[in-house]
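Visitor: For the sequence shown, the residue numbers in mature numbering (1 follows the signal peptide of the UniProt record, and there is no 0) are -19 to -1, 1 to 663.
This is the structure I have questions about; it appears just below.
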Amino acid sequence: MHLNLVPVIRMWMFFACVAILTDFKICAELDCPVEQVKLLDRFNNKSVTGTLHLTATHLIFVESNSASAQEIWILHHHIASVEKLSLTTSGCPLLIQCRNFRVVHFVIPRERDCHDIYSSLLRLLRPVSYDELYAFSYNPKQNDQQREEGWQLIDLAAEFERMGVPCDQWQMTDVNREYKCIDNGSDYKFCAKVCETYPRDLYVPITASKPIIVGSSKFRSKGRFPVLTYFYQEKKAAVCRCSQPLSGFSARCLEDEHMLQAISKANHNSRYIYVMDTRPKLNALANRAAGKGYENEDNYSNIRFQFVGIENIHVMRGSLQKLLEVIGTRSLSMPDYLEGLENSGWLRHIKAIMDAAIFLAKAVTVEGASVLVHCSDGWDRTAQVCALGSLLMDPYYRTIKGFMVLIEKDWISFGHKFADRCDQLDTDPKEVSPIFTQFLECVWQLTEQFPQAFEFSEWFLIQIHEHIHSCQFGNFLGNSQRQREDLQLKERTYSLWAHLLSEKQNYLNPLYSPSFAESHPVLEPSTQAYHFKFWRNMYHQYDRSMHPRQSILKQVLTLKESNRELEATVQALKAKLQKFGVSTSPLKPKTPPIERSLPPRPQSLILGAPLLSRKEVQQEEEDEEVFGVEAREDAPASTGGERTVEGSSATENGYGELPGSFGSKNEPAVVTLEFGVARMTC
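Below you can see the structure in the form of structure tokens.
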């Protein structure tokens, strides 16, 4: 059949021209730097003048002062909002707030230039498709093999093998690898996985058959049935995760009940499992009215239910907004600042997450019980609790490589919605929430309590936070593994983990002690109020006016590096000396023999009185000849007649009646210094 392609080609050329003209308009704006732009400090009235450049990926401010010229590079994807303020006598203010908590305030001399930058930024910071993200144009000058090796650094199958899985109680299932095809009578078959937001490789109890798995997935929200996420080999206890059941007020599912029973039977050390619902109980009850809810203990006889009360994404978004308003307010008094911090509820939410993780870790490591964790859909609060609980139980996750594995396992592979929560595309703003930021802050709070337990410093956490919003690497793009496979991220983008490992020396914690893990394999943090701190280096890292604090950890790291270099230099010099036949053994200085290591102790030290006279010394020598030296020295100890001027109690110093033979002296006669404490001998 002949097709007339001319109209199609004309239509394609029309849209291509429109796109080219649009891009030309933006590029024309980008090629025109704006000079005499003022950058204001938000905490004082100081400002610097420079030139503003707008490129395809960055907004760049270059300071005019050539002596100390600095550059500020802001990725378009980091920008959360752009606000053009009212015109002033000095120019048009432009306020930019970023997702990495940077706030920049420009004053642009001409209102037209300000409007052009404002409108261009609005178009650039709100991409409508994944192909527009920075990761697909970023090129770090690596070949295809290097890119492939970067993606192969994290192997989740090897991670489960490290835990001891598969084993005689747990197996890998291919139920999410195979596609179930439904014939709808047309020329093609509709295919779907059991759970599209789960990874391909899943681990379930060995007694859980495919019908049980499929039946359980139908009874769980989004098909997210219970699967293994961490195995505590010492107690054979498992941490599993899922979503809420579609139970409503009375519905039940035999397959789902069998699934939980199989999880319980896989652990011979406990007759029950904990079911942790991370939501407040009131929220879970409200979901029952919508046909969802939580497990009925009458139907699941082998469970112990526990609500832990972590708020939903909307509460967390509002809490962070209140926190940022407080810390961004100028000239705030200390009482008002503390009140605002308390009213934001941010640290209270951090505490709730940590309390839940501590409960999980104790249930597994102390009671030896398996735990099933869920919230509503199982990809927000569930990820927080499972990841943080695993980090408390396993020292491997406290290393740089192990922490990457933990994020890959509990966040990326199990379908945390990074695209929605981190606002990667121009979608529903109500889906945005700082869930992963809260997890990073919980880890930072732990590093403050256990500085020897973590191989990485806080800058490692901050760098990860930077890149969940930068969209520079492919790891955090999309909402699920299936989306990432469809986008071909491993073929088209680069891995963040390879980048961070190449800069590993920048993120090392100099206080880290591998031996600490041997004595403290399980961390037991305190959640008392005084242990929680405000993370200044996260929320104020870009505020130049605040007093710069010298990082003690950086100083220690610098000293260790200097020592390492000096040791290498010493070894090199030793090698040269040995080459010339010169001995490198340390020389011991010859010291004359010392008859006494300490000067002779005076027989009498009277505080504030003259030394003994010659006559008194002669009398003491005569006493020695009559009674003997030992009798004279031991007499006070045998009578218990010592009094202490300071430092000891009456019981220790024997404030009793003295024997009659020594009772004639009521006042102290001799004071001696013993162990740094003045003692009076009667």
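C-beta: ideal position from N, C-alpha, C; glycine also.
Which same chain residues, not among the five before or five after V(-2), have their C-beta less than 8 Å away from its C-beta?
Guide: For this step, residue -2 is matched to residue 18 along the sequence shown. Per-residue confidence for V(-2) stands at a pLDDT of 40, beneath the threshold of 50, marking its modelled position as unreliable; the derived number appears in the next sentence. So the list is empty, once near-sequence residues are dropped.
Visitor: Would you kindly check if the distance between the Cβ of I334 and the Cβ of L369 is under 8 Å?
Guide: On the sequence shown, residue 369 is found 388 positions in, with the first residue counted as 1. On the sequence shown, residue 334 is found 353 positions in, with the first residue counted as 1. Yes. Within cutoff.
Visitor: If you measure between the beta carbons of L373 and L504, is that distance less than 8 Å?
Guide: Start at 1 with the first residue of the sequence shown, and residue 373 comes out as number 392. Start at 1 with the first residue of the sequence shown, and residue 504 comes out as number 523. Yes, Cβ-Cβ distance for L373 and L504 is below 8 Å.
Visitor: Please determine, among S371, H397, L489, C452, the residue with the shortest C-alpha to C-alpha distance to P432.
Guide: Working through the sequence shown from its first residue, we reach residue 432 at position 451. Per the Cα distances, L489.
Visitor: I'd like the span of the beta strand (DSSP E) that includes H295, first residue to last.
Guide: Here residue 295 refers to the residue found at position 314 when the sequence shown is read from its first residue. Unbroken run through H295 is the alpha helix (DSSP H), 294 to 308; no beta strand (DSSP E).
Visitor: Count the other CB atoms within 10 Å of the CB of L547; is the residue buried (16 or more) or exposed (fewer)?
Guide: Numbered from 1 along the sequence shown, position 566 holds the residue referred to as residue 547. It is exposed - the Cβ of L547 has fewer than 16 other Cβ atoms within 10 Å.
Visitor: For H239, count the other beta carbons within 10 Å of its own beta carbon; 16 or more makes it buried, fewer makes it exposed. Which is it?
Guide: On the sequence shown, residue 239 is found 258 positions in, with the first residue counted as 1. So H239 counts as buried.
Visitor: Give a yes or no on whether the C-beta atoms belonging to W360 and T188 are separated by under 8 Å.
Guide: One-based indexing of the sequence shown puts residue 360 at position 379. One-based indexing of the sequence shown puts residue 188 at position 207. No; because the gap between Cβ atoms is not below 8 Å, this pair is not in contact.
Visitor: Look at E389 and L209 and say whether their C-beta atoms are less than 8 Å apart.
Guide: Walking along the sequence shown from the start, residue 389 turns up at place 408. Walking along the sequence shown from the start, residue 209 turns up at place 228. No, they are not a contact pair.
Visitor: Is the beta carbon of T259 closer than 8 Å to that of V289?
Guide: On the sequence shown, residue 289 is found 308 positions in, with the first residue counted as 1. On the sequence shown, residue 259 is found 278 positions in, with the first residue counted as 1. Cβ atoms of V289 and T259: closer than 8 Å.
Visitor: What would DSSP say about D182, mapped onto helix, strand or coil?
Guide: The sequence position of residue 182 within the sequence shown is 201, counting from 1. Coil.
Visitor: Looking only at its own chain, which residues have a Cβ that is under 6 Å from the Cβ of V88, when we skip the five neighbours before and after it?
Guide: Residue 88 sits at position 107 when you count from the first residue of the sequence shown. Correct list, in chain order: K19, S71, G72, P74.
Visitor: In the DSSP assignment, the alpha helix (DSSP H) including C367 goes from what residue to what residue?
Guide: Here the question's residue 367 lines up with position 386 in the sequence shown. Segment 362 to 374, the alpha helix (DSSP H) holding C367.
Visitor: Could you compute how far the alpha carbon of K303 sits from the alpha carbon of F206?
Guide: Residue 303 sits at position 322 when you count from the first residue of the sequence shown. Residue 206 sits at position 225 when you count from the first residue of the sequence shown. So the two alpha carbons sit approximately 36 Å from each other.
Visitor: S257 and A337 look like a contact to me (Cβ under 8 Å); what is the Cβ gap, rounded to whole Å?
Guide: Position 276 of the sequence shown, counting from 1, holds the residue named residue 257. Position 356 of the sequence shown, counting from 1, holds the residue named residue 337. It is worth fixing the name first, because residue 257 is Met in this sequence and not Ser. Rounded, the Cβ-Cβ distance is 7 Å, consistent with contact.
Visitor: Would you grab the beta carbon distance between I55 and H39 for me? Rounded to a whole angstrom, and I think it's under 8 Å.
Guide: Residue numbering aside, residue 55 sits at position 74 when the sequence shown is read from its first letter. Residue numbering aside, residue 39 sits at position 58 when the sequence shown is read from its first letter. Indeed, because the Cβ distance is near 6 Å, the residues count as touching under 8 Å.
Visitor: Short of 7 Å in beta carbon distance, which residues of its chain neighbour I449, apart from the five on each side in sequence? Order them along the chain.
Guide: Mapped onto the sequence shown, residue 449 falls at position 468. Same-chain partners within the cutoff: F399, C403, F417, F457.
Visitor: For M153 and F230, I'd like the C-alpha separation in whole angstroms.
Guide: As a working mapping, residue 153 is identified with position 172 in the sequence shown. As a working mapping, residue 230 is identified with position 249 in the sequence shown. One C-alpha to the other measures close to 33 Å.
Visitor: Express the C-alpha separation of A498 and T632 in angstroms, rounding to a whole number.
Guide: Looking up residue 632 in the sequence shown gives position 651. Looking up residue 498 in the sequence shown gives position 517. Reliability fails at T632, whose pLDDT of 44 lies under 50, so the model's placement of it is uncertain and the value that follows must be treated cautiously. Each residue's Cα considered, the two are about 44 Å apart.
Visitor: Under 8 Å: do the segment 93 to 105 and the segment 25 to 40 share three or more Cβ pairs, one atom per stretch?
Guide: Taking 8 Å as the limit for Cβ pairs, the verdict is that the segment 25 to 40 does touch the segment 93 to 105.
Visitor: Which residues mark the beginning and the end of the beta strand (DSSP E) in which Q17 is found?
Guide: The count along the sequence shown starts at 1 and reaches residue 17 at position 36. Counting along the chain, the beta strand (DSSP E) containing Q17 begins and ends at 15 to 21.
Visitor: Count the other CB atoms, across all protein chains shown, that sit within 10 Å of the CB of D358; report buried if there are 16 or more and exposed otherwise.
Guide: Position 377 of the sequence shown, counted from the first residue, corresponds to residue 358. Looking at its Cβ environment, which holds 16 or more other Cβ atoms inside 10 Å, D358 is buried.
Visitor: So with Cβ pairs under 8 Å, would you call H86 a contact of chain B?
Guide: Although the question refers to chain B, the structure presented lacks it and comprises just one protein chain.
Visitor: Counting pairs of beta carbons, one from the segment 126 to 144 and one from the segment 380 to 394, are three or more of them closer than 8 Å?
Guide: Cβ pair count under 8 Å is three or more, so yes.
Visitor: Which same chain residues end up closer than 6 Å to Q78 when comparing Cβ atoms and leaving out the 5 residues on each side of it in sequence?
Guide: Start at 1 with the first residue of the sequence shown, and residue 78 comes out as number 97. Excluding positions up to five away in sequence, the list reads A61, S62, V84.
Visitor: Determine, using beta carbons only, whether residue 682 and C367 come nearer to each other than 8 Å.
Guide: Absent from the structure is residue 682, since the part of the chain shown begins at -19 and ends at 663.
Visitor: Per DSSP, what kind of secondary structure is F42 in: helix, strand or coil?
Guide: For the purposes of this step, residue 42 is taken as the residue at position 61 of the sequence shown. Of the three classes helix, strand and coil, the one that applies to F42 here is strand, per DSSP.
Visitor: Going by the beta-carbon positions, is the gap between P108 and L114 smaller than 8 Å?
Guide: Position 127 of the sequence shown holds residue 108. Position 133 of the sequence shown holds residue 114. Closer than 8 Å, so yes.
Visitor: Taking C-beta to C-beta, are P226 and G196 nearer than 8 Å?
Guide: Position 245 of the sequence shown holds residue 226. Position 215 of the sequence shown holds residue 196. It is not a contact, given that the beta carbons lie outside the stated cut-off.
Visitor: Tell me which same chain residues have a C-beta within less than 7 Å of the C-beta of S245, skipping the five on either side of it?
Guide: The residue you call residue 245 lines up with position 264 of the sequence shown. Hits under 7 Å: Y253, I254, N283, S351.
Visitor: Is Y281 helix, strand or coil when you go by DSSP?
Guide: The count along the sequence shown starts at 1 and reaches residue 281 at position 300. Y281: coil per DSSP, three-state reduction.
Visitor: Here's the rule: buried if 16 or more other CB atoms are within 10 angstroms of the residue's CB, otherwise exposed. What is residue 666?
Guide: Here the chain has residues from -19 to 663 only, and residue 666 is not among them.
Visitor: Output needed for E472: all residues of its chain with C-beta closer than 7 Å, excluding positions within five of it in sequence on either side, in chain order.
Guide: Here the question's residue 472 lines up with position 491 in the sequence shown. Correct list: empty, nothing qualifies.
Visitor: With distance defined between alpha-carbon atoms, name the residue in S67, L106, K27 nearest to P90.
Guide: Taking the sequence shown and counting its residues from 1, the one referred to as residue 90 is at position 109. Closest option to P90, Cα to Cα, is S67.
Visitor: Which of the three DSSP states is assigned to A631 in this structure?
Guide: Taking the first residue of the sequence shown as 1, we reach residue 631 at position 650. For A631, the predicted model reports a pLDDT of 43, less than 50, meaning its position is unreliable; a value from the coordinates is still stated below. Reduced to three states, the DSSP call for A631 is helix.
Visitor: Check the DSSP bridge columns for I89 and list the partner residues they point to.
Guide: Working through the sequence shown from its first residue, we reach residue 89 at position 108. Per DSSP, C73.
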